[in-house]
Amino acid sequence: MSAIELHGCRGCGSAVVEVMLEWAGVEFTYREVESWEPGPATDALKAINPLAQVPTLKLADGTIVTESAAIIIALAEWHPRAGLLPPPDDTRRAQAPRWIAFIAGNMYPAISVGDFPERWVKSDAARAELKDGCVERLKAYWGILEQSLDPGPYLLGEEICALDVYAAMLSRWRPGRTWIDANCPRVAGSIALTEQHPIVVRVWARNFKR
Ligand SMILES: N[C@@H](CCC(=O)N[C@@H](CS)C(=O)NCC(=O)O)C(=O)O
34 MSAIELHGCR GCGSAVVEVM LEWAGVEFTY REVESWEPGP ATDALKAINP LAQVPTLKLA
94 DGTIVTESAA IIIALAEWHP RAGLLPPPDD TRRAQAPRWI AFIAGNMYPA ISVGDFPERW
154 VKSDAARAEL KDGCVERLKA YWGILEQSLD PGPYLLGEEI CALDVYAAML SRWRPGRTWI
214 DANCPRVAGS IALTEQHPIV VRVWARNFKR
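The sequence shown runs 34 to 243 under our numbering.
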């Protein structure tokens, strides 16, 4: 058993971390947890992450790292030769964390609110409206990615980086790939290419239905 543990759930935000760990050549033990279901796996996650969310990473020395963007950037810094982010002397180095933070700070929360609207509003009608609003907001965010990035062929240029995998993961959630393909063709093309990377293919096969 590996000393590093990733608490994740299939189809969840842990997928990008699985890719990053494999890409960096880090051995890890995967612990499946559906944290909305009570049980020992959820109790174990709650003990190390009060939000009981995945991804949650436990390092060999017991250090806990939560928040997908923080995990991605930490792994990139610990494994600089793996090339998870553009090199420090590359101007794209600032763009990768910029758009990773954009996804983490805007898009992922709209997914979370839509997943659990009852945490925010009380009535069924308000929950339905909030869920719809999250989808509309997600479409606006995808539109911003489409307008702001100039894929060639990956989102930041010739080399694949963590941003590509993070965006590809988000594309598997609302508003869904059909909408993204139809409305954000350049970003969608880049994501399609990212999903041909052998590690992404392998990790996606256990996380997302085709
Ligand atoms: N800000 C967190 C969000 C993580 C998150 O919302 N994960 C979802 C699965 S994709 C989760 O664990 N949801 C359960 C919950 O919020 O109770 C991150 O970027 O890692």
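Cβ atoms here follow ideal geometry from the backbone N, Cα and C, with glycine treated the same way.
Can you pull the DSSP bridge partners for residue i?
{"i": "E38", "result": "T62, K91"}
{"i": "Y246", "result": "Nothing about residue 246 can be reported from this structure: the residues present for the chain run from 34 to 243 only."}
{"i": "V98", "result": "L90"}
{"i": "G190", "result": "Y187"}
Just the Cα atoms here: how many angstroms apart are residue i and residue j?
{"i": "A103", "j": "G41", "result": "15 Å"}
{"i": "R62", "j": "A195", "result": "Correcting the residue type first, residue 62 is Thr in the shown sequence and not Arg. Rounded to whole angstroms, T62 to A195 spans 21 Å at the Cα level."}
{"i": "R152", "j": "R170", "result": "18 Å"}
{"i": "T211", "j": "T99", "result": "30 Å"}
{"i": "D183", "j": "A221", "result": "12 Å"}
{"i": "G116", "j": "A109", "result": "7 Å"}
{"i": "W111", "j": "E51", "result": "15 Å"}
{"i": "I232", "j": "I105", "result": "15 Å"}
{"i": "D157", "j": "P83", "result": "27 Å"}
{"i": "R126", "j": "M53", "result": "17 Å"}
{"i": "H230", "j": "K155", "result": "43 Å"}
{"i": "R239", "j": "G44", "result": "8 Å"}
{"i": "P121", "j": "P113", "result": "9 Å"}
{"i": "D94", "j": "D76", "result": "20 Å"}
{"i": "L92", "j": "A159", "result": "40 Å"}
{"i": "P74", "j": "V234", "result": "Sequence check: residue 74 is Ala here, not Pro. For A74 and V234, the distance between alpha carbons rounds to 27 Å."}
{"i": "I136", "j": "E70", "result": "27 Å"}
Could you say which of the options lies nearest to residue i if we only look at CA atoms?
{"i": "I224", "options": "K242, N240, A238, G185", "result": "G185"}
{"i": "C167", "options": "W206, A215, P121", "result": "W206"}
{"i": "D197", "options": "S101, I37, V49", "result": "V49"}
{"i": "T96", "options": "I37, D122, M53", "result": "I37"}
{"i": "L39", "options": "L90, E162, R239", "result": "L90"}
{"i": "E55", "options": "V236, I213, N240, F241", "result": "V236"}
{"i": "S35", "options": "R64, W69, M53", "result": "R64"}
{"i": "P218", "options": "P208, I193, E179", "result": "E179"}
{"i": "S145", "options": "R239, R131, S156, V87", "result": "V87"}
Are the CB atoms of residue j and residue i within a distance shorter than 9 Å?
{"i": "Y187", "j": "T227", "result": "yes"}
{"i": "Y174", "j": "I133", "result": "no"}
{"i": "G176", "j": "N216", "result": "yes"}
{"i": "G138", "j": "K164", "result": "no"}
{"i": "P119", "j": "A107", "result": "no"}
{"i": "V59", "j": "L78", "result": "no"}
{"i": "S68", "j": "A85", "result": "yes"}
{"i": "G46", "j": "M202", "result": "yes"}
{"i": "K242", "j": "P208", "result": "no"}
{"i": "S181", "j": "Y141", "result": "no"}
{"i": "A143", "j": "P150", "result": "no"}
{"i": "I213", "j": "S204", "result": "yes"}
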